[in-house]
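Participant: Quick one: the structure is below, questions incoming.
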Amino acid sequence: MGMTITEKILAKASGRKRVEPGENIWLNVDVLMTHDVCGPPTIEIWKREFGDKAKIWDKKKVVIFPDHYIFTKNPQANRNVNILREFASHYDLPNYYDVGTERYKGVCHMALAEEGYNLPGTVLFGTDSHTCTSGAFGMFSTGVGNTDAAFILGTGKIWEKVPESMKFIFEGTLPPYLTAKDLILQVLGDITTEGGTYRALEFDGEAIYSMQMDERMTLTNMAIEAGAMNGIIKADEITEKYVRERTNAPYEIFESDPDAKYREVYKYNVNDIEPLVAKPHSPDNRDTVRNVQGTKLTKCYIGSCTGGKLSDFLNAAKIIFGKQVKVPTFVVPASTYIYNQLEVETINGVSLKQIFENAGCVIAPSSCAACLGGPADTVGRAQDGEVIISTTNRNFPGRMGSKKSEVYLASPLTVAASAVTGVITDPREFL
Amino acid sequence: MEKIIKGKAFVLGDNIDTDQIIPAEHLVYSLSDPEESKKYGHFALSGVPLKNSGLPDGGIPFIEGDNYQSKYNIIIGGSNFGCGSSREHAPFALQMAGVKVIVAESYARIFYRNCVDGGFVIPYETQVKLNDKIKTNDELEIDLENNILVNLNTGDKFQLNPLGDILPILEAGNIFEYARKNNMI
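So the sequence lines, in the order shown, correspond to chains A and B.
For the first sequence, this note's numbering puts the final residue at 431, and the numbers step up evenly by one.
For the second sequence, this note's numbering puts the final residue at 185, and the numbers step up evenly by one.
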C-alpha cells in the first residue's frame, strides 16, 4: 500500500519508513512559530516546566511574529509584545520580527512564506490554528496550543496522531469570476466544519496547480475551518520558484503514491462552481452569491491571511477601479510587503493604493486587525448589529467583535462588487 | 485524578467555537497573575449568544453578575466542541470558571489536545448526543473509573467513551509530567 504526501512527511519527521493513520508518533519539528497572543503564555509555561536551566532546543528554528493586536492602545496587548521583545533579546533569537522596526512583517502565515520558512517536506508547528496555511508548500504544518508549543520550545518534539487523508481534486481551468476562496467554501459546504476533524485535506488538480502560491495558501489556510489537522498541496515549479527566490535552505519534495489510501476523494469541475458565500454564523453555511444577492451591508472588509494577499487586492481593484464604495470598506494588507506592493502594482497606470483611496476605502497597516475582533480600538471591528461581507476565514458568532453582527465570507471579487453597490453582489456583473 | 465528579450541568449546542468560549478581546490578560487570570473565569463562555446559553431554553448566563466562577462545573456539549482557534486560553478559561469535565459528542483537535496536554479539563466523548437528554441545572454524577454519567434528577445513566490514550496524560497532570514519568524529558 502506498502512502499519502502527509504520511511520507510524518514518517520522515519521526525517523520511520512508514506510518499509518491513527498511530501516535513523536515528531522532530523543523520550525516553531508563535505570535503575540500565544507567545507570552508559551514562554511562561516553558520557563515554569524547564526551570532555571530552561534551554531553547534550537534558536534558529523558533520564529516569532507579533501580528494580532499591534495597533492598539490596549495596555495588556502592548505588554504581550513587550514580553516577546524581551524574550527575543534575552535569548538572542535571530528570527524575531519586532513591530515598530523595518523587520515588522504583518500576519504570521504570510510572513512565514515571504521570509522563506516554508520548505517542502518539512514539519512546522505554530500557536495559531491557521498554521495549516503553510501546507500550500508541500509541507506538514498545523496549529497547537501554548503547552504543546512550550514542549516543542524545550525539546523540539511533539506527539501527534497520524491523520487519515481526504483528497479534493479540482479539474478544469479556473474561470475569471472564481478564486481559491470560492473553492474552499465549496469544500466546507460539502464536508462541514467537522468533516475534516483530525484529518489531512489534500488538494490536487489542474485548477490548483494553475494558482500562484498566495491563492493556494487560502485553500490550506481554511483546512482548519473543516476541523482538519493540515491542508496540503504538492510542491511544483511554482512552489520551487517562490521558495528559491527567498532561501537557499535544503528541502525535499514528496508526493502521494498512486495507490495511497484516502478516506474519501472529492472531484470537482471548477466550471460547475459559481461565486459562493458562507452565511452567518459558520464557514460551512455555504450559499451561492446569487441566492443572497441584494442583502444590505453596513461594512466591507478586504484583509487577513486569506483575503489580504496581493492576488486578493489585484482582484478587488479590478472591480473597484474608477468607482466609489457605497459602504465603509476596509483594506488591510496581510503583510508589510503587500502593503508596499499596493503602490507598486498598477492597473491602467493607477496604483492599487490609489484605486482603493479614490474609491473611498480605508487602508490600514498590516496586521490581523478585525479578522478576530480584538481590543475595542481595532480598525474595522464589527459593532452591534452590523452586516458585513469579508474576505476573512471565519464567521462564528462574535468573531469580528460583536455577537450581534452578521458576517458573510466571500472572495475578494465578491466583496469588491458588494462594496461598490452596498448590497451583496455577484462579481460576474462587473467582469 | 478524582474518581467521582458531581455537579450541575450547563448545556450547549453544536460547534461551540473558541471565540464563544473566550472572545478574542479578552486574550490579553496574563494567565499566571492570580488577579488577572481570574478574568478568564469571569468571561468564560461570554461569547455564546444568550439564546443558546444554557439549553434547552437558553437565556442562562454561565457566569452570574460579577462572579469569577460559575455554579456549573460540568458542560454538556454537542458535536465539534472547541472548533476554531488554537487559543489555549479556552480550556484555561473553563478551568478558571470551575469546570471539571466536558461531555460532548466530538471535539475539534486543537481544543481537545489543549484540554489534555495542559491538564485543564477532562474531555469525555459520547457515542450519542446528550445535549438533548440533559437540561441545564440537572445534577450529574460522573464515575471516572467506569466512564458512566448519571443524571441524578432523572436517574438516566449514560455510557461515556473510555478516555483511552489520553488517560495517562490526564492522570499525570499534563504532558510535561507525563513525559517526565516516561523519561522523555
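Where is the CB? At the ideal position from N, CA and C, for every residue including glycine.
Here the structure is a predicted model, which means the values were calculated and not measured.
Does the region 38-50 of chain B come close enough to the region 95-105 of chain B that 3 or more CB-CB pairs lie under 8 Å?
Facilitator: With the cut-off at 8 Å, the region 95-105 of chain B and the region 38-50 of chain B touch.
Participant: Please work out which residues of its chain come closer than 6 Å, Cβ to Cβ, to phenylalanine 254 (chain A), disregarding the five sequence neighbours upstream and downstream, and give them in chain order.
Facilitator: Closer than 6 Å at the Cβ level, and outside the excluded window around phenylalanine 254 (chain A), lie Ile5, Lys8, Ile9, Gly121.
Participant: Step through the CB atoms of chain A and report whether any lies within less than 8 Å of the CB of glutamate 79 (chain B).
Facilitator: The sequence shown places serine at residue 79 (chain B), rather than the glutamate named in the question. Closer than 8 Å to some Cβ of chain A, the Cβ of serine 79 (chain B) qualifies, so yes.
Participant: Apart from the five residues on each side of it in sequence, which residues of its chain come closer than 6 Å, Cβ to Cβ, to alanine 11 (chain A)?
Facilitator: Cβ within range, chain order: Arg18, Val19.
Participant: Along the chain, where does the beta strand (DSSP E) that runs through threonine 34 (chain A) open and close?
Facilitator: Counting along the chain, the beta strand (DSSP E) containing threonine 34 (chain A) begins and ends at 31-35.
Participant: Would you call valine 128 (chain B) buried or exposed, if buried means 16 or more other Cβ atoms sit within 10 Å of its Cβ?
Facilitator: Classification for valine 128 (chain B): exposed.
Participant: Determine the extent of the alpha helix (DSSP H) in which asparagine 146 (chain A) is found, giving its start and end residues.
Facilitator: 146-155 is the extent of the alpha helix (DSSP H) around asparagine 146 (chain A).
Participant: Verify the CB distance criterion: does leucine 94 (chain B) have a CB-CB separation below 8 Å to chain A?
Facilitator: Leucine 94 (chain B) does not count as touching chain A.
Participant: Kindly say whether proline 23 (chain B), judged by its beta-carbon, lies nearer than 8 Å to any beta-carbon of chain A.
Facilitator: It does: the Cβ of proline 23 (chain B) has a partner Cβ on chain A nearer than 8 Å.
Participant: Run through chain B and tell me which residues come within less than 7 Å of alanine 282 (chain A), C-beta to C-beta.
Facilitator: Reading off the sequence, residue 282 (chain A) comes out as serine, not alanine. Going along chain B in sequence order, the residues near serine 282 (chain A) (Cβ under 7 Å) are Asn15.
Participant: Cα separation between isoleucine 25 (chain A) and asparagine 153 (chain B)?
Facilitator: Their backbone Cα atoms lie some 43 Å apart in a straight line.
Participant: Use the C-beta contact count for histidine 90 (chain A): other C-beta atoms within 10 angstroms, 16 or more gives buried, fewer gives exposed.
Facilitator: The residue is exposed, with fewer than 16 neighbouring Cβ atoms inside 10 Å.
Participant: So does the region 92-106 of chain A actually touch the region 390-401 of chain A, counting three or more Cβ pairs closer than 8 Å?
Facilitator: Contact fails: fewer than three Cβ-Cβ distances are below 8 Å.
Participant: For a contact meaning CB atoms closer than 9 Å, what does isoleucine 37 (chain B) contact in chain A?
Facilitator: Position check: residue 37 (chain B) holds serine in this sequence, whereas isoleucine was assumed. Those within 9 Å of serine 37 (chain B) in chain A number zero; the least Cβ separation is about 10 Å.
Participant: Does the Cβ of asparagine 146 (chain A) have 16 or more other Cβ atoms within 10 Å, making it buried, or fewer, making it exposed?
Facilitator: So asparagine 146 (chain A) ends up on the buried side.
Participant: Within the continuous alpha helix (DSSP H) that includes phenylalanine 336 (chain A), where are the two ends?
Facilitator: Strictly speaking, residue 336 (chain A) in this sequence is threonine, with phenylalanine absent from that position. Run containing threonine 336 (chain A): 336-344, per the alpha helix (DSSP H) assignment.
Participant: For chain A, find out if any of its Cβ atoms is closer than 8 Å to the Cβ of asparagine 174 (chain B); answer yes or no.
Facilitator: Chain A, which has a Cβ nearer than 8 Å to the Cβ of asparagine 174 (chain B), makes this yes.
Participant: Just to confirm, are threonine 288 (chain A) and methionine 222 (chain A) a CB contact at a threshold of 8 Å?
Facilitator: Going by C-beta atoms, threonine 288 (chain A) is not nearer than 8 Å to methionine 222 (chain A).
Participant: Spell out whether any CB of chain B is found under 8 Å from the CB atom of phenylalanine 65 (chain A).
Facilitator: It does not: the Cβ of phenylalanine 65 (chain A) has no partner Cβ on chain B nearer than 8 Å.
Participant: Can you check which of these residues, A:Leu27, A:Ser390, A:Glu240, is closest to leucine 435 (chain A) by C-alpha distance?
Facilitator: Since the first residue shown for chain A is 1 and the last is 431, residue 435 (chain A) is missing from the structure and cannot be characterised.
Participant: Name, please, each residue of chain B whose Cβ falls closer than 7 Å to the Cβ of glutamine 76 (chain A).
Facilitator: In chain order: Val28, Tyr29.
Participant: State the start and end residues of the unbroken beta strand (DSSP E) segment that holds phenylalanine 170 (chain A).
Facilitator: Segment 164-171, the beta strand (DSSP E) holding phenylalanine 170 (chain A).
Participant: Would alanine 364 (chain A) count as contacting chain B if we go by Cβ distances under 8 Å?
Facilitator: It does not: the Cβ of alanine 364 (chain A) has no partner Cβ on chain B nearer than 8 Å.
Participant: Measure the C-alpha to C-alpha separation of isoleucine 56 (chain A) and proline 94 (chain A) and round it to an integer number of angstroms.
Facilitator: Rounded to whole angstroms, isoleucine 56 (chain A) to proline 94 (chain A) spans 13 Å at the Cα level.
Participant: Give a yes or no on whether the C-beta atoms belonging to aspartate 272 (chain A) and glycine 189 (chain A) are separated by under 8 Å.
Facilitator: Not a contact, by the Cβ cut-off of 8 Å.
Participant: How would you label glutamate 343 (chain A), buried or exposed, when you count the other beta carbons within 10 angstroms and need 16 or more for buried?
Facilitator: Under this definition glutamate 343 (chain A) is an exposed residue.
Participant: To the nearest angstrom, report how far apart proline 61 (chain B) and glycine 82 (chain B) are at their CA atoms.
Facilitator: Cα to Cα, proline 61 (chain B) sits roughly 19 Å from glycine 82 (chain B).
Participant: With 8 Å as the threshold, decide whether the Cβ of glutamine 20 (chain B) is near any Cβ in chain A.
Facilitator: So yes, glutamine 20 (chain B) belongs to the interface.
Participant: Does the CB of valine 62 (chain A) have a neighbour CB from chain B at under 8 Å?
Facilitator: Answer no: the Cβ-Cβ gap between valine 62 (chain A) and chain B never drops below 8 Å.
Participant: For asparagine 253 (chain B), would you say it is in contact with chain A, using Cβ-to-Cβ distances shorter than 8 Å as the test?
Facilitator: In the structure as shown, chain B starts at 1 and stops at 185, and residue 253 (chain B) therefore has no counterpart that could be examined.
Participant: Could you please give the first and the last residue of the uninterrupted alpha helix (DSSP H) stretch that includes leucine 310 (chain A)?
Facilitator: It spans 310-320 - the alpha helix (DSSP H) in which leucine 310 (chain A) sits, taken as one unbroken run.
Participant: From the DSSP output, in three-state form, read off serine 256 (chain A) for me.
Facilitator: DSSP places serine 256 (chain A) in coil when its eight states are reduced to three.
Participant: Please name the residue, chosen from A:Val423, A:Pro41, A:Glu114, A:Lys61, that lies closest to asparagine 80 (chain A) on a Cα-to-Cα basis.
Facilitator: The residue with the shortest Cα to Cα distance from asparagine 80 (chain A) is A:Pro41.
Participant: Rounded to a whole number of angstroms, what is the C-alpha to C-alpha distance between isoleucine 388 (chain A) and aspartate 426 (chain A)?
Facilitator: Going from the Cα of isoleucine 388 (chain A) to the Cα of aspartate 426 (chain A) covers about 15 Å.
Participant: Does any residue of chain A bring its CB to less than 8 Å from the CB of aspartate 132 (chain B)?
Facilitator: Taking Cβ atoms only, chain A never reaches closer than 8 Å to aspartate 132 (chain B), which makes this a no.
Participant: Spell out whether any CB of chain B is found under 8 Å from the CB atom of valine 99 (chain A).
Facilitator: Not an interface residue.
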